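Following: one structure in structure tokens, then a few remarks.
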Amino acid sequence: MSLTVTIRKGTEADLPGVHALIVELAVYEKAPNEVTNTIEDMRRDGFGDKPIFEFFVADSVEEGIVGIALYYTAYSTWKGKMLFLEDIVVTERLRRQGIGRMLFNAVVQAAKEGSYKRMKWQVLDWNEPAINFYRSIGANLDGEWINCNLSQEELQRL
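With the working numbering applied, the sequence shown covers 1016 to 1173.
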């Protein structure tokens, strides 16, 4: 199957397709019941009064949205403005065809154009295809830091 894929900035109209890919990612990462984010949440958070994320989509004439790269601005006390790549998702049957690389390159370009001092992201330790890709581009895979999180319920208890 040959697809014509274009990478472009995501729009509010893309959110249903974006959300579907997020759910697909959760299934792939063995956490299908963990997605509580809704399309309405994403509409408010990405297109409301204070947008807190941006995204690119891989859009095909034949199938619509087949991939996303969602990112936001974070801040490093040591380096300054930092771009955090939250997720790259390509629909499973179209992986390993270069779409993820195209999305990644679009985010890198956004970081360059935005004069970000650093770009950062995470990868699961069992996701060998992604780890191999990141190694191939010369990314620093840092095993020193431990990820810490508090859920909404845990936040409320504190």
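We put the CB at the ideal spot given by N, CA and C, even for glycine. Please read these numbers as outputs of a predicted model, since none were measured by experiment.
Exposure label - residue i; buried when at least 16 CB within 10 Å
i: Asp1056; result: exposed
i: Ala1121; result: buried
i: Ile1114; result: buried
i: Leu1139; result: exposed
i: Ala1126; result: buried
Test item: CB-CB of residue i and residue j under 7 Å
i: Phe1062; j: Leu1085; result: no
i: Ile1080; j: Gly1032; result: yes
i: Met1097; j: Lys1065; result: no
i: Ile1067; j: Asp1060; result: yes
i: Ser1075; j: Val1038; result: no
i: Glu1077; j: Leu1036; result: no
Start-to-end residues for the beta strand (DSSP E) that takes in residue i
i: Asp1074; result: 1069–1075
i: Asp1060; result: Where Asp1060 is concerned, there is no enclosing beta strand (DSSP E), although the alpha helix (DSSP H) it sits in stretches over 1054–1062.
i: Ala1084; result: 1079–1091
Residue i CB to nearest heavy atom of the ligand NAP below 6 Å
i: Ala1125; result: Inclusion of the ligand NAP in the displayed structure is not the case, the ligand content being empty and no account of it being possible.
7 Å CB neighbourhood of residue i in its chain, flanking five on each side removed
i: Gly1153; result: none
i: Leu1040; result: Asp1102, Val1104
Spatial distance of residue i from residue j (CA atoms)
i: Gly1082; j: Arg1116; result: 11 Å
i: Arg1133; j: Leu1100; result: 11 Å
i: Ile1161; j: Asn1155; result: 15 Å
Continuous alpha helix (DSSP H) stretch holding residue i: start and end
i: Ser1151; result: 1143–1151
i: Arg1172; result: 1167–1172
i: Gly1115; result: 1114–1128
Same chain, Cβ closer than 8 Å to residue i, five either side skipped, listed in chain order
i: Leu1118; result: Ile1022, Phe1071, Ala1073, Gly1082, Ile1083, Ala1084, Ile1103, Val1105
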